[in-house]
Amino acid sequence: MNVLDLIFIVPILFGAYKGYVKGLFIEIIGVLAFIAALVLGFKFLGIGMNWLAPAIGENTANRFLPYLSFAIIFFPTIFLINKLGWMLSRALRFTILGTIDGFAGAIVGIFTWVFGISVFLWLLNAIDIKLPSHLTQESVTYPVITKVAPSVISKVSDWIPAGGNLIRQVAEEHKDIVEDRGEAK
Numbered sequence: 014m015n016v017l018d019l020i021f022i023v024p025i026l027f028g029a030y031k032g033y034v035k036g037l038f039i040e041i042i043g044v045l046a047f048i049a050a051l052v053l054g055f056k057f058l059g060i061g062m063n064w065l066a067p068a069i070g071e072n073t074a075n076r077f078l079p080y081l082s083f084a085i086i087f088f089p090t091i092f093l094i095n096k097l098g099w100m101l102s103r104a105l106r107f108t109i110l111g112t113i114d115g116f117a118g119a120i121v122g123i124f125t126w127v128f129g130i131s132v133f134l135w136l137l138n139a140i141d142i143k144l145p146s147h148l149t150q151e152s153v154t155y156p157v158i159t160k161v162a163p164s165v166i167s168k169v170s171d172w173i174p175a176g177g178n179l180i181r182q183v184a185e186e187h188k189d190i191v192e193d194r195g196e197a198k
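Going from the sequence shown to this note's numbering is simple: count from 1 and add 13.
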């Protein structure tokens, strides 16, 4: 166990605590909201970029447009799904046993933070930011955590009607958009 493991374990333990406090139902809604927001963010990234491009200058568009487009889709999706979850939770508050709900929520809270850390590491890797190899090679948690998000997103993207392999589609669409912008200059 090294510093990287401690950096990962602290938020995971925080997730366990928050999951216990919130309970299973709200944690499941949170995970579903996060996954749905990621899938929709990637799925509609190209559409969002094409919609925003005319409103943003060319220099800014090349650097920030993918991130802005993703954020405009990602954050409202999470907000709306979580809001719906809280409304349903209030309606179902007394139907789930409290202690079991708390412990199950802790497990889902752990998964939520592992998934979030995995997405962060996946994005770092996608933009060629590498963690120091001496930290990753000696880490107990790094090899496990890095595989979670790509695996979950790949499986979830196959369940979306006409979704196919989402990661492959996003990569191809991003490549086409970049090529189109290069020809337009």
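In this text, a Cβ means the ideal position worked out from N, Cα and C, and glycines have one as well.
| query | result |
| --- | --- |
| Which residue wins for smallest C-alpha separation from D114, given the options L37, F87 and I158? | L37 |
| Sort Y80, I86 and K96 by Cα distance to L136 and report the nearest one. | Y80 |
| Counting along the chain, where does the alpha helix (DSSP H) carrying N63 start and finish? | L58 to L65 |
| Am I right that G98 and A29 are in contact with their C-beta atoms under 8 Å? What's the rounded C-beta distance? | In fact, because the Cβ distance is near 19 Å, the residues do not count as touching under 8 Å. |
| Under 8 Å Cβ to Cβ from F77, same chain only, skipping five residues before and after it: list those, please. | I69 |
| To the nearest angstrom, how far is the alpha carbon of I140 from that of L148? | 19 Å |
| So, using beta-carbon positions, are S131 and A84 closer together than 8 Å? | no |
| In chain order, what are the residue ranges of uninterrupted alpha helix (DSSP H) at least 4 long that sit wholly in the segment 75-151? | 111-139 and 146-151 |
| Between the alpha carbons of S102 and S164, how many angstroms are there, rounded? | 29 Å |
| Since A117 contacts T90 with CB under 8 Å, what's their CB separation in whole angstroms? | Contact doesn't hold; Cβ gap of about 24 Å is too wide. |
| Buried or exposed, going by whether 16 or more other CB atoms sit within 10 Å of the CB of L134? | buried |
| Looking only at its own chain, which residues have a Cβ that is under 8 Å from the Cβ of V16, when we skip the five neighbours before and after it? | L148 |
| To which residues of the same chain is K35 closer than 6 Å at the C-beta, ignoring the five residues directly before and after it? | G118 |
| Nearest-angstrom Cα distance between S152 and P67? | 45 Å |
| Cα separation between F27 and L93? | 24 Å |
| Counting along the chain, where does the alpha helix (DSSP H) carrying I22 start and finish? | V16 to K35 |
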